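**Student:** Take the sequence shown: its position 142, counting from 1, is numbered 492 in my numbering, and each next residue is one higher.
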Amino acid sequence: MRIAVIFYSLGPYHVARLGSAAARCDLLAIEVAGRSVNYDWNPIGQVTFARQTLFPSDRHGARNSRALFDRILSTLRAHNSEVVAIPGWSGRHAAAAMRAAIDLGAAIVVMSDSQLHDFRRFAPLEWIKRRYVAQCQAGLVAGTNHRDYLARLGMSPERIYLGYDVVENEHFSRGARAARASADMLRARYGLPPRYFLASARFMPKKNLERLIGAFAEYRRRCRESAGMDARGWDLILLGDGASRPRLEALIARLGLEAAIHLPGFKQYDELPVYYGLAEAFVHASTTEQWGLVVNEAMAAGLPVLVSNACGCTPELVADGRNGYSFDPFDQKALATLLLRLAADDCDRQAMGNASREIVKRWSPDTFAEGLVGAAADALIAPRVRPRLIDRGVLWALGRR
């Protein structure tokens with residue numbers, strides 16, 4: 351089975367997933383641009399699957415919608431793709447790939463990690479998505495919330511597979527073990543405190559880092575008032591960067607926490623296991639989050655997790671009381687209480703971390719591969735809806751945004 355998978359640009363997560371899928375089918379990975387717009391990952395080197403980059407020197411891809419469509423069409427035609435897997439519906443490249451697949455008579459799998467509650471939904475936009483999804487024969491989604499939303503948009507639930515959002519678990523578990531074996535040396539090299547909570551996110555409003563910092567300040571205050579805890583408390587490391595950094599730095603200074611909250615910046619894939627491996631627990635506080643791959647990473651590294659109940663990964667990955675806790679991202683005091691609970695002497699963080707590793711084993715690159723191949727097989731035999739003039743108009747409009 352010849353499957354083409356479209357992404358805007360390939361990062362480490364995609365490489366792990368596609369490598370596993372390529373062992374099960376004739377796979378071609380098509381990336382629009384050679385570098386990501388959102389993440390400053392180092393360029394991807396050699397991979398174990400066929401890969402075609404449409405615009406290698408421009409991270410913004412085609413400036414011209416026609417050029418984008420023409421390159422996708424010619425690439426799919428050269429591969430003779432039977433199935434085309436398309437990432438959602440929000441990007442010009444997704445609409446262009448769907449138009450090309452329809453023109454070539456290929457079956458279409460839509461890949462999605464959207465949930466109903468991610469944003470306020472408006473009827474006209476939902477109608478456009480339903481017309482779009484009607485042209486797809488199967489779906490590959492992240493988890494149960496995402497399956498429910500895609501079904502709401504018209505996809506038959508029997509043709510929706512799970513496993514879209516996974517990471518290379520072994521990279522983080524192996525790297526964390528190695529970091530713990532050389533803890534003293536690595537703490538000195540990276541300037542890491544003895545004990546810390548870890549968070550990793552782009553510095554932007556939806557990541558809710560200001561409330562996390564506020565909850566951490568409350569946690570430190572309560573530590574000072576509690577006779578049964580380390581009066582100083584743990585530190586907090588926030589990995590990442592972004593436009594909100596000046597606001598976060600100002601807040602940290604205003605709270606007098608410059609010595610306790612560390613902002614080491616964006617870290618490359620190979621360095622991440624060090625930060626996970628030497629942390630005590632992981633926190634992800636987003637007010638909206640389609641999934642939250644950093645939670646997968648932390649769990650593979652064997653950490654207890656505190657995860658916002660707005661995150662798409664929470665139903666699948668967080669077992670309250672077993673490997674961590676979920677929380678309302680708008681309730682700062684409740685988060686502070688959970689920070690205290692995880693840092694307490696009687697908390698069995700080792701057992702929680704072990705539970706994290708066990709839970710995330712079900713969500714691996716092999717899960718993605720099985721879901722992709724299963725969805726593609728279903729797509730090939732599913733009935734197809736001939737696009738009407740209105741459907742072609744929708745795709746044309748989406749492709750020109």
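Just so it is clear, CB atoms sit at the ideal spot from N, CA and C, and this is done for glycine as well. If you're wondering where the values come from, they're calculated on a predicted model, not measured in any experiment.
CA-CA distance, residue 660 and residue 556?
**Tutor:** If I take the Cα positions, the gap works out to 11 angstroms.
**Student:** Starting from residue 554, trace the beta strand (DSSP E) both ways and give me its first and last residue.
**Tutor:** Per DSSP, residue 554 belongs to no beta strand (DSSP E) and is neither H nor E.
**Student:** Does the count of Cβ pairs from the segment 662–674 and the segment 529–547 closer than 8 angstroms reach three?
**Tutor:** Verdict: no, contact absent.
**Student:** So, for residue 398: in the same chain, excluding its five sequence neighbours on each side, which residues have a beta-carbon less than 8 angstroms away from its beta-carbon?
**Tutor:** Contacts found: 369 and 372.
**Student:** In angstroms with no decimal places, state the Cα-to-Cα distance between residue 464 and residue 385.
**Tutor:** Straight-line Cα distance between these residues: approximately 23 angstroms.
**Student:** Buried or exposed for residue 583, going by 16 or more other Cβ atoms inside 10 Å?
**Tutor:** Looking at its Cβ environment, which holds 16 or more other Cβ atoms inside 10 Å, residue 583 is buried.
**Student:** With which residues is residue 634 paired in a DSSP beta bridge?
**Tutor:** 657.
**Student:** Starting from residue 487, trace the beta strand (DSSP E) both ways and give me its first and last residue.
**Tutor:** Looking at the DSSP string, residue 487 is not in any beta strand (DSSP E), and its letter there is neither H nor E.
**Student:** Within the same chain, show all residues whose beta-carbon is closer than 7 angstroms to that of residue 452, passing over the 5 residues directly before and after it, in chain order.
**Tutor:** The residues are 485 and 737.
**Student:** Assuming the contact rule is C-beta atoms closer than 8 angstroms, residue 699 and residue 487 should be a hit. Round their C-beta distance to whole Å, please.
**Tutor:** Not confirmed; about 45 angstroms, so no contact.
**Student:** In chain order, which alpha helix (DSSP H) runs of at least 4 residues are fully inside the segment 556–605?
**Tutor:** The qualifying runs are 559–575 and 595–604.
**Student:** Could you tell me the distance, in whole angstroms, from the CA atom of residue 688 to the CA atom of residue 656?
**Tutor:** Roughly 8 angstroms separates the two Cα atoms.
**Student:** Name the two residues that bound the continuous beta strand (DSSP E) containing residue 403.
**Tutor:** It spans 400–405 - the beta strand (DSSP E) in which residue 403 sits, taken as one unbroken run.
**Student:** Kindly indicate which three-state DSSP category residue 696 falls into: helix, strand or coil?
**Tutor:** Residue state, collapsed to three classes: coil.
**Student:** Alpha carbon to alpha carbon, what distance is there between residue 423 and residue 449?
**Tutor:** Rounded to whole angstroms, residue 449 to residue 423 spans 8 angstroms at the Cα level.
**Student:** Would you list, in sequence order, the uninterrupted alpha helix (DSSP H) runs of no fewer than 4 residues that lie entirely inside the segment 402–478?
**Tutor:** Counting only runs of 4 or more, we get 415–429 and 442–454.
**Student:** Are the Cβ atoms of residue 764 and residue 445 separated by less than 8 angstroms?
**Tutor:** Nothing in the structure corresponds to residue 764, since the chain is present only between 351 and 751.
**Student:** Between 576, 725, 724 and 634, which has its C-alpha nearest residue 695's C-alpha?
**Tutor:** Closest by alpha carbon: 576.
**Student:** What are the boundary residues of the alpha helix (DSSP H) that includes residue 370?
**Tutor:** Per DSSP, residue 370 belongs to the alpha helix (DSSP H) from 362–372.
**Student:** In whole angstroms, give me the CA-to-CA distance for residue 594 and residue 554.
**Tutor:** Cα to Cα, residue 594 sits roughly 5 angstroms from residue 554.
**Student:** How far does the alpha helix (DSSP H) with residue 728 in it reach, from first residue to last?
**Tutor:** Its alpha helix (DSSP H) spans residues 715–731.
**Student:** Thinking C-alpha only, which one of 392, 651 and 740 is nearest residue 529?
**Tutor:** With distances taken between Cα atoms, residue 529 lies closest to 651.
**Student:** Please return the same chain residues whose Cβ sits closer than 6 angstroms to the Cβ of residue 457, not counting the five positions on each side in sequence.
**Tutor:** Here the set comprises 433, 487, 729 and 730.
**Student:** Along the chain, where does the beta strand (DSSP E) containing residue 381 start, and where does it finish?
**Tutor:** Where residue 381 is concerned, the enclosing beta strand (DSSP E) stretches over 376–383.
**Student:** Would you decide whether residue 535 is buried or exposed? Buried here means 16 or more other CB atoms lie within 10 Å of its CB.
**Tutor:** Exposed.
**Student:** Am I right that residue 415 and residue 381 are in contact with their C-beta atoms under 8 angstroms? What's the rounded C-beta distance?
**Tutor:** 17 angstroms between Cβ atoms; not a contact.
**Student:** Quick one, which of 480, 568 and 401 has its alpha-carbon nearest residue 686's?
**Tutor:** Selected option, being the one with the closest Cα: 568.
**Student:** In whole angstroms, what separates the C-alpha of residue 509 from that of residue 482?
**Tutor:** Cα-Cα distance, rounded: 16 angstroms.
**Student:** I need the DSSP call for residue 504, collapsed to helix, strand or coil.
**Tutor:** Three-state result, residue 504: coil.
**Student:** How many whole angstroms separate the CB atoms of residue 718 and residue 389, which I take to be in contact at a CB cut-off of 8 angstroms?
**Tutor:** Incorrect: roughly 19 angstroms between the Cβ atoms, too far for contact.
**Student:** Return the chain-ordered list of same chain residues with a C-beta closer than 7 angstroms to the C-beta of residue 403, the five sequence neighbours on each side being excluded.
**Tutor:** The answer, listed in chain order, is 381 and 384.
**Student:** Considering Cα atoms alone, identify which of 664, 462 and 634 is closest to residue 357.
**Tutor:** Out of 664, 462 and 634, 462 has the C-alpha closest to the C-alpha of residue 357.
**Student:** Suppose you measure from the CA of residue 640 to the CA of residue 468; what does that come to, to the nearest Å?
**Tutor:** One C-alpha to the other measures close to 7 angstroms.
**Student:** According to DSSP, which residues form a beta bridge with residue 547?
**Tutor:** In the DSSP output, where bridge partners are listed per residue, residue 547 has 586 and 631.
**Student:** To the nearest angstrom, how far is it from the Cα of residue 614 to the Cα of residue 592?
**Tutor:** Using only the alpha carbons, I get a separation of about 12 angstroms.
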